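Written out below as structure tokens is the structure these notes cover.
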Amino acid sequence: METSVNHSMCRCCASEGAFKDVKSTYHWMGEEEIYADMLRECFDINLNTSEDCDESGICEVCITQLRNAINFKKQVLHTEEHYKKLVQNKALFRTNIVKIEANADDDSEGNVSADDAFSGAEFDVPIKTEEEEQKPKKRAATTKTMTTRSKKAKTESGETSTKRIIIRMAPEKKAIVKDDYFHNRLRNDDELKKHENNIRHVLTYSNATPIDKMQDANYLCCYCDSQYLKPADLKTHTQETHNDETNPAVVFFNRKKRSNFSAKIDITGLKCKICATEIESLEKLMDHLHKDHDVKIYTDIKNHIIPFKFDNDYLTCCMCPNTFDKFQKLRQHMNIHYRNYICEKCDLGFVTMVSLKHHSEAHKVGTFNCTFCEKIFDTSRKKKSHEATAHIKGYFSSKCGYCNERFISNQRKDEHLAEVHGISHVFKCRACDRIFKSKKSLTTHTKRDHLLERRFKCTSCDMKFFNTSELKQHELKHSGVKDFKCDVCLKTYARRKTLIEHLKIHADIRRFKCDFCGCAFVQKCGWRGHMRSKHGENV
1 METSVNHSMC RCCASEGAFK DVKSTYHWMG EEEIYADMLR ECFDINLNTS EDCDESGICE
61 VCITQLRNAI NFKKQVLHTE EHYKKLVQNK ALFRTNIVKI EANADDDSEG NVSADDAFSG
121 AEFDVPIKTE EEEQKPKKRA ATTKTMTTRS KKAKTESGET STKRIIIRMA PEKKAIVKDD
181 YFHNRLRNDD ELKKHENNIR HVLTYSNATP IDKMQDANYL CCYCDSQYLK PADLKTHTQE
241 THNDETNPAV VFFNRKKRSN FSAKIDITGL KCKICATEIE SLEKLMDHLH KDHDVKIYTD
301 IKNHIIPFKF DNDYLTCCMC PNTFDKFQKL RQHMNIHYRN YICEKCDLGF VTMVSLKHHS
361 EAHKVGTFNC TFCEKIFDTS RKKKSHEATA HIKGYFSSKC GYCNERFISN QRKDEHLAEV
421 HGISHVFKCR ACDRIFKSKK SLTTHTKRDH LLERRFKCTS CDMKFFNTSE LKQHELKHSG
481 VKDFKCDVCL KTYARRKTLI EHLKIHADIR RFKCDFCGCA FVQKCGWRGH MRSKHGENV
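In structure tokens:
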């Protein structure tokens, strides 16, 4: 039941108008909303009501801010649960590392002790030097050389211990580095096997379906070359076509690079295949398989399985309330929730090491020459982008996924998709139902008009503005600079826009006309004053 209160006051911002009742039930995005209950749940605020006066309304702007607050609270609570799991996983992973290092260093404790002693203050170290010379015969030549240098050092300065230690530790350090290399390689190979195990068991024991990637407007199947406009159609295709295979995970891994075992999976309507239990999230599924069905799931590695849900008309993150207009942006957003590998220079997180290495190219500054022409770029990424668009793919690099026609920009391609293939991207504001042609325009409108975002503050007064251009226009009031001069009456103005409006007075352009008496006015303020004083109309 949806009702609105006429001529009431918003109980949140005190504005007057016709608003929604705070006690009534409304439906938004498939969910019921009772604004009084939402205020109580989020802020512990109970609105006072009177039996004599039932006019308790709330405006659309306050409703939007209330929804954002509710979503933010849910996000914080969800993140806290995710953080607790991360802490537990890191504790397990740290324990395993300690065990590995203990095994690797069992045969070199004497060298570690010598290195620790040498790295501190000065000590007398002729410690077991003669015993260390009992090396295998293969290193006899190296031992002889080191002994000669130590005798020479003794006759000149008498400081035999320090120099002998330096010379003897050098080959040992090389051996340690070599051992670390093979140790890291074995550890990485072991991690890849654990990732493969987790992905294999999730795909085998649940109805989760993998997504290869999105090409233009289509989602590609991981098992074959089929592609679908809607994720639901891809999921249906995967379950009906590839579900009868002995082990669908085998086909999946045959089409993936082993060095980058990661998976994008659709967990819409997630269920366990063993017991048919409906499960809310990927983490709960893995925990359920491990604890309830004794399926081997490794928790001592970083998770490379990225979940997505497609249960509404918007591309919504399954871990926070953020929405997106393109799947690629949603996929990039998931790096925020899966910060497995961190960039040391900018602190951005990434799901896989491959993504981090690709990102690191943006930080490499130098001189990079184009392979095909004489242009020079300061980063490798700019060079590769130039080569891809100007030389390799040609200037028309944006391709339609239906007819393979190429376009000079994504905007032209979107126009082509709407006109030829009937696929249009329309972005509708959920607060006021206004329609925009781009996600950027919708985002700007939401922040400016509904969230009332004002990040730029004037240094001369307390006023705040949405962007820098509005701030600069306002600062002209304080500076007193008037650079725009009228050639007719020599009046000066701070803004070009004001001068143009003034010139209409000299041109006698009367755009504002009274519908009652026919009087016309050059400026809107004159027309509004006339309507108020002569006809009693507030316009």
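In the UniProt record's numbering, the protein residues as written are 1 to 539.
For glycine and all other residues, C-beta sits at the position ideal for the given N, C-alpha and C.
The structure displayed is predicted, hence computed values, not measured ones.
{"query": "Does the region 188 to 204 come close enough to the region 297 to 304 to have 3 or more Cβ pairs within less than 8 Å?", "result": "yes"}
{"query": "Could you compute how far the alpha carbon of Ile34 sits from the alpha carbon of Tyr26?", "result": "7 Å"}
{"query": "Per the DSSP calculation, Ser206 is bridged to which residue(s)?", "result": "Cys272"}
{"query": "Kindly provide the ranges of any alpha helix (DSSP H) runs that are 4 or more residues long and lie completely inside the UniProt domain \"C2H2-type\" (315 to 337), ordered along the chain.", "result": "327 to 337"}
{"query": "What is the DSSP secondary structure of Met214, counted as helix, strand or coil?", "result": "strand"}
{"query": "As an exercise, report each continuous alpha helix (DSSP H) stretch of at least 4 residues that is fully enclosed by the region 365 to 400, in chain order.", "result": "380 to 387"}
{"query": "Leaving aside the five residues before and after Ile306 along the sequence, list all residues of the same chain whose C-beta is less than 8 Å from its C-beta, in chain order.", "result": "Ser262, Ala263, Lys264, Ile265, Arg331, Met334, Tyr338, Val351"}
{"query": "Among Lys357, Lys440, Tyr223, Ile423, which one has its Cα closest to the Cα of Phe324?", "result": "Lys440"}
{"query": "Looking at C-alpha atoms only, which residue of Cys489, Gln75, Pro231 is the closest neighbour of Lys504?", "result": "Cys489"}
{"query": "In the DSSP assignment, the alpha helix (DSSP H) including Ile509 goes from what residue to what residue?", "result": "Neither: Ile509 is in no alpha helix (DSSP H) and is coded neither H nor E."}
{"query": "Between the beta-carbon of Arg11 and the beta-carbon of Ile70, is there less than 8 Å?", "result": "no"}
{"query": "Using a 10 Å radius around the Cβ and a threshold of 16 neighbouring Cβ atoms, would you call Arg67 buried or exposed?", "result": "buried"}
{"query": "Put Lys309 into one of helix, strand or coil per three-state DSSP.", "result": "coil"}
{"query": "Have a look at Asp233, Met319, Arg406, Leu356 and flag the residue whose alpha-carbon is nearest the alpha-carbon of Lys73.", "result": "Met319"}
{"query": "Quick check on the DSSP output: the alpha helix (DSSP H) that includes Asp414 runs from which residue to which?", "result": "410 to 420"}
{"query": "Hey, Thr268 and Lys309: beta-carbon distance below 8 Å or not?", "result": "yes"}
{"query": "Please classify Lys383 as buried or exposed, where buried requires at least 16 neighbouring CB atoms within 10 angstroms.", "result": "buried"}
{"query": "Suppose you measure from the CA of Glu374 to the CA of Phe407; what does that come to, to the nearest Å?", "result": "26 Å"}
{"query": "Using the Cα positions of Pro210 and Tyr223, report the straight-line distance between them to the nearest angstrom.", "result": "9 Å"}
{"query": "Rounding to the nearest angstrom, what Cα-Cα distance links Lys399 and Asp414 in this structure?", "result": "10 Å"}
{"query": "By the 10 Å Cβ neighbour count, where 16 or more other Cβ atoms means buried, how is Ala208 classified, buried or exposed?", "result": "buried"}
{"query": "Looking at C-alpha atoms only, which residue of Cys429, Glu470, Ile500, Ser469 is the closest neighbour of residue 547?", "result": "Nothing can be reported for residue 547: it is not among the residues displayed for the chain, which extend from 1 to 539."}
{"query": "Specify the secondary structure class of Lys457 as computed by DSSP and reduced to three states.", "result": "strand"}
{"query": "What is the DSSP secondary structure of Asp266, counted as helix, strand or coil?", "result": "strand"}
{"query": "Per the DSSP calculation, Met531 is bridged to which residue(s)?", "result": "Per DSSP, none; premise fails for Met531."}
{"query": "Alpha carbons only, please: which of Cys461, Lys485, Thr238 is nearest the one belonging to Glu475?", "result": "Cys461"}
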